[in-house]
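What follows is a single structure, written as structure tokens, with notes after it.
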Amino acid sequence: MLHTVKSIDATEGRIGGYLIVWGDPARRDLQGEYFTADTDLSLDWFDRRPVLYHHGMDGRLKAAVIGVIDTLRADDTGVWTEAQLDLRQRYAQAVRRLIERGALSWSSGSLPHLVAVADDGHITRWPVVEGSLTPSPAEPRRTDVRT
Numbered sequence: 010m011l012h013t014v015k016s017i018d019a020t021e022g023r024i025g026g027y028l029i030v031w032g033d034p035a036r037r038d039l040q041g042e043y044f045t046a047d048t049d050l051s052l053d054w055f056d057r058r059p060v061l062y063h064h065g066m067d068g069r070l071k072a073a074v075i076g077v078i079d080t081l082r083a084d085d086t087g088v089w090t091e092a093q094l095d096l097r098q099r100y101a102q103a104v105r106r107l108i109e110r111g112a113l114s115w116s117s118g119s120l121p122h123l124v125a126v127a128d129d130g131h132i133t134r135w136p137v138v139e140g141s142l143t144p145s146p147a148e149p150r151r152t153d154v155r156t
């Protein structure tokens, strides 16, 4: 799922936005699925999670870690996320420029064998293992990127 990415402090490489937005049967992502506040996201599993570009599927960046998620907080909208880009990482500056141009959104990643989806598309279990910044959002709601 992809959501708003916002630069919190451009000089220090802080970014934030909704990694996950709650939905329902009438508000699904482009894959026909949706998260709710009842979805088991296992937010307490790790203190930090990696930030990748496009889930590691970019031919150039591959699975390079470009930052670290250090805040995941569920609220009435979804899961607010804050991360620190690794400005020493050679691709982080290019990614930051894309964020500033409004070209990227958040997308949460899990491991397939840990995911459970009900027949109606409700994602009941999705342990968040990474957050990606991607130009092709599966979740069209709240994908506006602002710096």
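Going by the working numbering, the letters in the sequence shown line up with residues 10 to 156, in that order. All C-beta atoms, glycine included, are put in the ideal place defined by N, C-alpha and C.
Distance check for residue j and residue i, CA to CA, integer angstroms please.
| i | j | result |
| --- | --- | --- |
| L52 | L81 | 7 angstroms |
| R99 | D129 | 42 angstroms |
| V154 | V30 | Interpretation of V154 is limited by its pLDDT of 40, a score under 50 that renders its predicted location unreliable; no figure is taken from the coordinates. |
| L107 | G32 | 27 angstroms |
Please name the residue, chosen from the options, that lies closest to residue i on a Cα-to-Cα basis.
| i | options | result |
| --- | --- | --- |
| L123 | V74, A112 and V137 | V137 |
| T133 | L107, D49 and P146 | D49 |
| F44 | H64, P121, I24 and G87 | G87 |
| D85 | A46, D56, T143 and A112 | A46 |
Looking at the structure shown, is residue i part of a helix, part of a strand, or coil, going by DSSP?
| i | result |
| --- | --- |
| G41 | coil |
| R106 | helix |
| P59 | strand |
| G65 | helix |
| L52 | coil |
Who are the near neighbours of residue i in its chain, counting only those whose CB is closer than 8 angstroms to its CB and skipping five residues on each side?
| i | result |
| --- | --- |
| G140 | L28, R58, P59, V60, L61, I78, T90, A92, W115, S116, S117 and G118 |
| D95 | G22, V74, I75, G76, V77 and A101 |
Under 7 angstroms Cβ to Cβ from residue i, same chain only, skipping five residues before and after it: list those, please.
| i | result |
| --- | --- |
| W54 | P136 |
| A125 | T133 and R134 |
In the DSSP assignment, find the beta strand (DSSP E) that holds residue i and state where it starts and stops.
| i | result |
| --- | --- |
| G118 | S114 to G118 |
| A147 | A147 -> no beta strand (DSSP E), and no H or E assigned at all. |
I'd like to confirm something about residue i: is its beta-carbon nearer than 6 angstroms to some heavy atom of the ligand GTP, or not?
| i | result |
| --- | --- |
| Q40 | For the ligand GTP, the structure offers nothing, since it holds no ligand at all. |
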